[in-house]
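Chains as they are written, first to last, in this note's numbering: chain R, 2 to 84; chain W, 359 to 934. Backbone N, C-alpha and C define an ideal beta-carbon position, used for all residues, glycine too. These figures come from a predicted structure and were not determined experimentally. Here is the structure we will look at, set down as structure tokens.
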């Protein structure tokens, strides 16, 4: 696992609704009810931070954030260089 | 020019708008926005109207729309009205909803409306489509509006002021879904009052919205009001906003918006989720009314927003509150646009409030005092009375159920005489909300009916409980869903307490919890904050043998004091 993925997982662990849960890169987060849509912004901000990309609103859906692996794939797909 | 409303129908209002004025801007992201003028919008609405007409839809037919937020949805809604048909918008399924569960929700609503057509968009997921049972309704894909219909002729709308204009749904997912049918005349009377108290001006006002259009606040305040008053509305989808809440500030800055309606939690959510280094990029000086509506109004949430963005030019006089519901078209109250800035905030003796349900004013900061924020003053031709459990009309300053009368009140729930009979008694609509009236201001303090309001969205606990009880490890009928105030979010969290069939099952609590959590999401698209699994006979029963919600709540809060937050114990004052 990359250090970036580990940083993201650490952020997810802070946000999930079940403390102490084991999370890996492929754990479903949104579809399992572990995080809700109001927590997605925290993940997006962290993702922008880690990848140094701007992830535009309107180009990302909750399903694109369902696992840590998907989050990085989404950032690669829609991320733009910081202005 | 100040807005004046003198149309016979909503269609007349749309047809009277100047063709070259901007109406809707669909804000996708920083680099992509689409604007339709009133003329272009009418063209699109005509295309949709012709599609509906070609498929046998005519005057009075109900048409269900299940499309993502945006101009195509709005123009299809208007297209149905152009034909004299009666549109109703349902929530677009999000990806968390399982196809087999979705079918159940949709079938109930379309059957109750006896809809002639269900209109979906081209991207509607095929796996959901396979499960849609429509009865007699015909399934249509919305027309491609890329090529405008121009000023093509349409059949005579044949709308009368007393005809049904549309149906909006107040809450609920399945059997509990309630359709509120409204006439053109009722909606126009309402908008006349609302535009007067808001002092709307078509040359000045621009509405910002992320609100879903299947909810009254989004539909009436951010679509029908701008359509009738010829205002520009800049909107984005709720999901885009919730994932990037600072885009609201960007849109205010770029478009110089003046008005927005927001549920209470947004007043905390935006400042807390906008990185501080970006704050100075925004200009909020154009805002003249940010109206806190659809959740209990909290002064601390509004103060937080004001303190964060006052350096961006936000005026304190822009903070407002309103009490609204689909059954009254929309608003019952609105805080004064002129005069003292912001809604009234009062402090009352906490002990007397809790024990006697009486408001005794005390100075701010008095130990044990509770704080209430007014939802404003009654709109013209609106009346409220506060009623006790025994049906007695209470004096000012006493807490009871809020009952409403107005000239825009609904006549009943569509095809649901059973629900109508419970809700409207002696010409008064019993809202199920608890509040008090004091010095010409209405304060809403809680709910009598079992309803959770999560991020401004109404959710029936029964819907959640039914899903929880469908788990084989849970004793049937022994689950309770509660809304517990979360001060960090400024809204309620869903908390579930459920009894397992046998005490031994508690050893598998983690697995059961995980399954319940994903079942709730798959059915309802909402996430539960905490699930408490309890041994048999833990939940308090009523004499009828049903799980008793309020006593179970007290027991849960006593056992888990970390959940017990006093929602009215405000820390901040208006000026800090």
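- Not a single C-beta of chain W is nearer than 9 Å to the C-beta of residue 13/R.
- According to the DSSP assignment, residue 768/W belongs to no beta strand (DSSP E), since it is labelled neither H nor E.
- What residue 61/R touches in chain W, judged by beta-carbon distance under 8 Å, is 601, going in chain order.
- When CB distances to chain W are screened at a threshold of 9 Å, the residues of the stretch 14-38 of chain R falling below it are 18, 19, 22, 29, 31, 32, 33, 34, 35, 36, 37 and 38, in chain order.
- For residue 70/R, no Cβ of chain W is located within less than 9 Å of the residue's own Cβ.
- At a cut-off of 9 Å between beta-carbon atoms, residue 57/R makes contact with chain W.
- Interface criterion met: the Cβ of residue 875/W is under 9 Å from a Cβ in chain R.
- The three-state secondary structure of residue 844/W, taken from DSSP, is strand.
- In this structure, DSSP gives residue 541/W an extended state, which the three-state scheme calls strand.
- With distances taken between CA atoms, residue 554/W lies nearest to 738/W out of 610/W, 392/W, 738/W and 585/W.
- Contacts between residue 454/W and chain R, judged by CB atoms closer than 7 Å, involve 31 and 32 in chain order.
- The DSSP-derived three-state label of residue 68/R is coil.
- Every unbroken stretch of the beta strand (DSSP E) spanning 3 or more residues and falling wholly within the stretch 564-617 of chain W is given here in chain order: 564-567 and 590-593.
- Below the 9 Å Cβ cutoff, chain W contributes 601 and 602 as neighbours of residue 45/R, in chain order.
- Just measuring C-alpha positions, the residue of 660/W, 716/W and 404/W sitting nearest residue 502/W is 404/W.
- In this structure, the CA atom of residue 445/W is about 29 Å from the CA atom of residue 647/W.
- By the Cβ criterion, the stretch 552-569 of chain W is in contact with the stretch 592-601 of chain W, since at least three pairs of Cβ atoms, one from each stretch, lie closer than 8 Å.
- A distance of 9 Å or more separates the beta carbons of residue 576/W and residue 467/W.
- Counting only the Cα atoms, residue 667/W lies some 43 Å from residue 486/W.
- Close partners of residue 610/W in chain R (Cβ separation under 7 Å) are lacking, with about 15 Å as the shortest Cβ gap.
- Three or more beta-carbon pairs separated by less than 8 Å are not found between the stretch 624-643 of chain W and the stretch 582-589 of chain W, which leaves the two stretches without contact.
- Taking CB atoms only, residue 2/R has no neighbour in chain W less than 9 Å away.
- Bridge pairing for residue 754/W: absent [DSSP].
- Looking only at 658/W, 581/W, 848/W and 855/W, the smallest Cα-Cα distance to residue 835/W is reached by 855/W.
- Between residue 41/R and chain W, the shortest Cβ-Cβ separation is below 9 Å.
- By the beta-carbon neighbour count (other beta carbons within 10 angstroms, threshold 16), residue 359/W is exposed.
- Assignment of residue 450/W by DSSP, reduced to helix, strand and coil, places it in the coil class.
- For residue 413/W against residue 546/W, the beta-carbon gap comes to about 29 Å, at or over 8 Å, which does not count as contact.
- Taking the Cα of residue 429/W as reference, the smallest distance to any Cα among 402/W, 767/W, 735/W and 654/W is reached at 402/W.
- Where residue 664/W is concerned, the enclosing alpha helix (DSSP H) starts and stops at 657-667.
- In this structure, DSSP gives residue 560/W a state outside helix and strand, which the three-state scheme calls coil.
- By the 16-neighbour rule on beta-carbons within 10 angstroms, residue 22/R is exposed.
- Between residue 680/W and residue 814/W, the gap from beta carbon to beta carbon reaches 9 Å or more.
- Neighbourhood of residue 386/W in chain R, by CB distance below 7 Å: 59, in chain order.
- Against chain R, a Cβ distance below 8 Å from residue 847/W picks out 39.
- DSSP places residue 526/W in the uninterrupted beta strand (DSSP E) bounded by 522-527.
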